[in-house]
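Student: Below you will find the structure I want to go over with you.
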Amino acid sequence: MKSTANHKLLQVIDLKKYYPVTVGLLSRQVGEVRAVDGVSFLMAEGEILGLVGESGCGKSTLGRTILRLEEPSSGKILYKGSDITTLDKERLRALRKEIQIVLQDPDASLDSRMTAGDSIAEPLVVHGVGGDVERNERVAELMKQVGLDPRQANHYPHEFSGGQKQRIGIARALAINPKLIIADEPVSALDVSVQAQILNLMMDIQEEFGLAYLFIAHDLAVIRHMAHRVAIMYLGKIVELADKAEIFAKPMHPYTQALLAAVPSFKTKAKKEVLLSGDVPSPLNPPTGCHFHPRCRKAFKPCSQDEPKLVELSKSHFVSCHLYT
Amino acid sequence: MNDTILRTKNLKTYFYTTRGVVKAVNGVNFNLSRGECLCLVGESGCGKSVTALSLLRLLDSPPARIVDGQVSFGDIDLVKCSTRQLRQIRGKDIAMVFQEAQSALNPVLSIGNQIIEQVELHERISQREARARALALLEEMGIPSAERVIDTYPHLLSGGMKQRAMIAMSLSCNPQILIADEPTTAVDVTIQAQILEIFRNLRARKQMSFIFITHDLAIVNEIGDRAVVMYGGRDVETAPVSRIIKNPRHPYTRGLIACLPNMSRSEKRLESIPGNTPNPIELPPGCPFHPRCPKAMDICRRKVPSPTIVAEGHAVSCHLYAS
Chain A
-10 MKSTANHKLL
0 QVIDLKKYYP
10 VTVGLLSRQV
20 GEVRAVDGVS
30 FLMAEGEILG
40 LVGESGCGKS
50 TLGRTILRLE
60 EPSSGKILYK
70 GSDITTLDKE
80 RLRALRKEIQ
90 IVLQDPDASL
100 DSRMTAGDSI
110 AEPLVVHGVG
120 GDVERNERVA
130 ELMKQVGLDP
140 RQANHYPHEF
150 SGGQKQRIGI
160 ARALAINPKL
170 IIADEPVSAL
180 DVSVQAQILN
190 LMMDIQEEFG
200 LAYLFIAHDL
210 AVIRHMAHRV
220 AIMYLGKIVE
230 LADKAEIFAK
240 PMHPYTQALL
250 AAVPSFKTKA
260 KKEVLLSGDV
270 PSPLNPPTGC
280 HFHPRCRKAF
290 KPCSQDEPKL
300 VELSKSHFVS
310 CHLYT
Chain B
2 MNDTILRTKN
12 LKTYFYTTRG
22 VVKAVNGVNF
32 NLSRGECLCL
42 VGESGCGKSV
52 TALSLLRLLD
62 SPPARIVDGQ
72 VSFGDIDLVK
82 CSTRQLRQIR
92 GKDIAMVFQE
102 AQSALNPVLS
112 IGNQIIEQVE
122 LHERISQREA
132 RARALALLEE
142 MGIPSAERVI
152 DTYPHLLSGG
162 MKQRAMIAMS
172 LSCNPQILIA
182 DEPTTAVDVT
192 IQAQILEIFR
202 NLRARKQMSF
212 IFITHDLAIV
222 NEIGDRAVVM
232 YGGRDVETAP
242 VSRIIKNPRH
252 PYTRGLIACL
262 PNMSRSEKRL
272 ESIPGNTPNP
282 IELPPGCPFH
292 PRCPKAMDIC
302 RRKVPSPTIV
312 AEGHAVSCHL
322 YAS
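Sequence lines, in order, name chains A and B. Anchor point for the first sequence: position 98 equals 87 in this note's numbering, and the numbering is continuous, going up by one each time. Anchor point for the second sequence: position 221 equals 222 in this note's numbering, and the numbering is continuous, going up by one each time.
Structure follows, in structure tokens:
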């Protein structure tokens, strides 16, 4: 794997994002939603890190916080070694030339009153790259790269299909040559026949430009196809992190095991054991100790009391579970 | 076949809109046998949900209209029978589970009252008996502390619990047919596994027939006996599930299976079907799949293929197989 300490691109250290819950006229705080609750990980240049979890686990908030679209409550985000949590507006803008985001729903993320070409050119305008002529050339080049016809540059979003709209979103993210793209469920709104086209496109782009992706998804088959390493999130925490081959072959955390077992299979029809009962608890009032213990089949005494730490069990396989400590 | 319980023949449902006629369902044929689970599978816009809603005439008319075809349930044609007769069948003989429990459940009635309402509509039964049945059903669905849940309102329940409550409701009059329209699409994968388990248990215990609508072929593999693959408002391939998965014949079905990222293999590039799903306002002439089909021939652009039997119980609507 390419993940060597020398080419460290992004390091997230104990990142937390809490949202206050308030009541009444004076907004008295009565609690907090711990959307991201102490997350640490490393990403190398050119690496695809898959981030998986069920709805509400905080995976999207994590992605947005890294871009500082949400202000972190505490913790550090080191991009190429410098902390970006303390950057002022001006330097933050420069940083966003390097980190871009592709969102799930292209309908919501594209301005319906801007043409495809204007949408793709907008980052160039914001960052003051080139003049009109150069921008138009760049837009045409980008559209070709993502498999769109440059002649459609003056069409509006509603004239494109869902897959094409997602291509516009990708072209827009690529416009200013970022190093890292945060892809937040980029294919989950698409049909499978179109999904394959977009996944292929993202793979091609990644190889061509040596980009790093933080690839957020709930679909394990998609993650398995795309990622080099995989992080599993549950209620605001990473519970397991390992190389793709390792985590799918040898899942260690009981949650990861249950998650993998829950995926409907194409291969077998054999009746599978349902390993997980109940629902994900509210992040407003997470369980004590290990957040997963009320649903865990293997929970024992310390699980409800102490919070397990993410430890390296074998080479670059991290697990946060009392079973292994 | 004697054990056919429901049969559709050339069903067509169109929507008349200001932008044109949306041919959502454009000739769908299938048989449902007693005790079987038939899956309708396809991508968005293929007409699978509109087919399901047409079976019980649940679409608002206008804009929707069933313009042609039959839905035979015993000797009753559900397309032509009176609304009165249909209302006796809906919820009693044929029940339905929807994708989004949140919008399917009535927000101002407690879970219990919604179930009781349905039971009282169809059966002469005392309030107390109806309540007891509702409670038993909720327990059967694996809802913890059902005595409490029965008096709560839908918004207080999680997505998975609402889905269970809706399944309980659909079962309250012991239907012969249960139509489930993407019942797990709005929930997480671990909850999905629990819901599928409920359906599996129901199949084992009750003499019911299922029409299960999904876009996910892996779910079809896990739960279905036979599958109808739909594209552009038509059934393009019908076969036992194992044949659909292992030996698909229609180019669309083949493409659909090949383009799935698979949990067991991880190759570099995915197969993909070029282009997009057709717009039901402007369906292409001939076979609806021909603009995307790698094997399209001249005839495909002109003539809609009729089904060819390629093996026992395996029908394909494709000119490649026409004799």
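Even glycine gets a Cβ: it sits at the ideal position worked out from N, Cα and C. It should be emphasised that the depicted structure is a prediction, and the values quoted were computed from it without experimental measurement.
Quick one: which chain B residues come within Cβ less than 7 Å of L248(A)?
Tutor: Residues of chain B passing the Cβ test: V190, T191.
Student: Compare the Cα-Cα distances from A25(B) to each of A316(B), Q195(B), I282(B) and report the closest residue.
Tutor: I282(B)
Student: For I313(A), count neighbouring C-beta atoms within 10 Å of its own C-beta (all shown protein chains included) and say buried if the count is 16 or more, exposed if not.
Tutor: Reading off the sequence shown, one finds Tyr at residue 313(A), where the question assumed Ile. Per the 10 Å Cβ criterion, exposed.
Student: Would you say V152(A) reaches chain B, if we count a Cβ-Cβ gap shorter than 9 Å as a contact?
Tutor: A small fix is needed here, since residue 152(A) is Gly in this sequence, not Val. Cβ-Cβ to chain B under 9 Å: yes for G152(A).
Student: Can you give, in chain order, each stretch of the beta strand (DSSP E) that sits fully within the segment 229 to 315 of chain B and has at least 3 residues?
Tutor: 235 to 241, 309 to 312
Student: Taking 9 Å as the threshold (beta carbon to beta carbon), is N263(B) in contact with chain A?
Tutor: yes
Student: Using C-beta distances below 8 Å, list every residue in its chain close to T104(A), excluding the 5 sequence neighbours before and after it, in chain order.
Tutor: A142, N143, H144, Y145
Student: Starting from the beta carbon of M52(B), find every residue of chain A whose beta carbon is closer than 7 Å, and list them in chain order.
Tutor: Looking at the sequence provided, one finds Thr at residue 52(B) rather than Met. Those do not exist, as T52(B) stays about 17 Å from chain A at its closest Cβ, beyond 7 Å.
Student: With H, G and I counted as helix, E and B as strand and the rest as coil, what does DSSP make of I87(A)?
Tutor: According to the sequence displayed, residue 87(A) carries Glu and not Ile. E87(A) sits in coil when the DSSP states are folded into three classes, being neither helix nor strand.
Student: Which residue wins for smallest C-alpha separation from Q294(A), given the options H306(A), S303(A), F307(A), H311(A)?
Tutor: H311(A)
Student: In chain A, which residues lie less than 7 Å from G256(B) when you measure between Cβ atoms?
Tutor: S182
Student: Counting only beta-carbon separations shorter than 9 Å, does Q0(A) have a partner in chain B?
Tutor: With 9 Å as the cut-off, Q0(A) does not count as an interface residue toward chain B.
Student: When DSSP builds the beta bridges, which residues end up paired with L67(A)?
Tutor: Q0(A), D72(A)
Student: Contact check, D268(A) vs G161(B) under 8 Å by CB: the rounded distance?
Tutor: 6 Å
Student: Below 8 Å, can you find three or more Cβ-Cβ pairs linking the segment 291 to 300 of chain B to the segment 191 to 206 of chain A?
Tutor: no
Student: Identify whether P61(A) lies in helix, strand or coil by the three-state DSSP scheme.
Tutor: coil
Student: With 9 Å set as the bound, which would you pick, yes or no: does the beta-carbon of I270(B) sit closer than that to a beta-carbon of chain A?
Tutor: The question names Ile, but residue 270(B) in the sequence shown is Arg. Under the Cβ distance rule, R270(B) counts among the residues neighbouring chain A, one pair being separated by less than 9 Å.
Student: May I have the straight-line CA-CA distance separating G225(B) from Q89(A), to the nearest angstrom?
Tutor: 42 Å
Student: Does A251(A) pass the burial test, meaning 16 or more other C-beta atoms within 10 Å, or should it be called exposed?
Tutor: Buried: at least 16 other Cβ atoms inside 10 Å.
Student: Return the chain-ordered list of same chain residues with a C-beta closer than 6 Å to the C-beta of M2(B), the five sequence neighbours on each side being excluded.
Tutor: Low per-residue confidence applies at M2(B): pLDDT is 47, beneath 50, and the placement is therefore not dependable enough to give any value.
Student: Tell me which residues of the segment 181 to 200 of chain A have at least one Cβ-Cβ distance to chain B shorter than 8 Å, keeping chain order.
Tutor: Listed by position, the residues of the segment 181 to 200 of chain A near chain B (Cβ gap below 8 Å) are V181, S182, V183, Q184, A185, Q186, L188, N189, M192.
Student: Take T245(A) and list the residues in its own chain whose beta-carbon comes closer than 6 Å to its own, dropping the five residues that flank it on each side.
Tutor: I221, E229
Student: Is the beta carbon of S182(A) sitting closer than 9 Å to the one on A206(A)?
Tutor: no
Student: How would you label D299(B), buried or exposed, when you count the other beta carbons within 10 angstroms and need 16 or more for buried?
Tutor: exposed
Student: Is the CB of C260(B) under 9 Å away from at least one CB in chain A?
Tutor: Cβ-Cβ to chain A under 9 Å: yes for C260(B).
Student: Considering just the uninterrupted stretch of the alpha helix (DSSP H) at S171(B), what are its terminal residues?
Tutor: Unbroken alpha helix (DSSP H) run through S171(B): 160 to 172.
Student: Looking at chain B, which residues of the segment 23 to 45 of chain A have a Cβ within less than 8 Å of any of its Cβ atoms?
Tutor: Answer in chain order: E43, S44.
Student: Anyone know if the C-beta pair for L179(B) and M97(B) falls short of 9 Å?
Tutor: Yes, the pair counts as a contact, with Cβ atoms nearer than the cut-off.
Student: Under three-state DSSP, which class holds S303(A)?
Tutor: strand
Student: Can you list, in chain order, the stretches of the beta strand (DSSP E) that have 3 or more residues and sit fully within the segment 66 to 114 of chain B?
Tutor: 95 to 98
Student: If the cut is a Cβ gap below 8 Å, which residues of chain B does F281(A) touch?
Tutor: Here the premise fails: no neighbours, minimum Cβ distance about 11 Å.
Student: Should E223(B) be flagged as near chain A, meaning a C-beta pair shorter than 9 Å?
Tutor: yes
Student: Kindly list, in the order they appear in chain A, the residues whose Cβ is closer than 7 Å to that of N248(B).
Tutor: None at all; the shortest Cβ gap to chain A is about 14 Å.
Student: Any heavy atom of the ligand MN within a distance shorter than 8 Å of the CB on R293(B)?
Tutor: You won't find the ligand MN in this model; it holds no ligand whatsoever.
Student: Would G143(B) pass as an interface residue toward chain A - the criterion being a Cβ-Cβ separation below 9 Å?
Tutor: For G143(B), a Cβ of chain A is located within less than 9 Å of the residue's own Cβ.
Student: Here's a check: name, in chain order, each residue in its chain whose Cβ is nearer than 7 Å to the Cβ of S49(A), leaving out the five neighbours to either side.
Tutor: D173, I205
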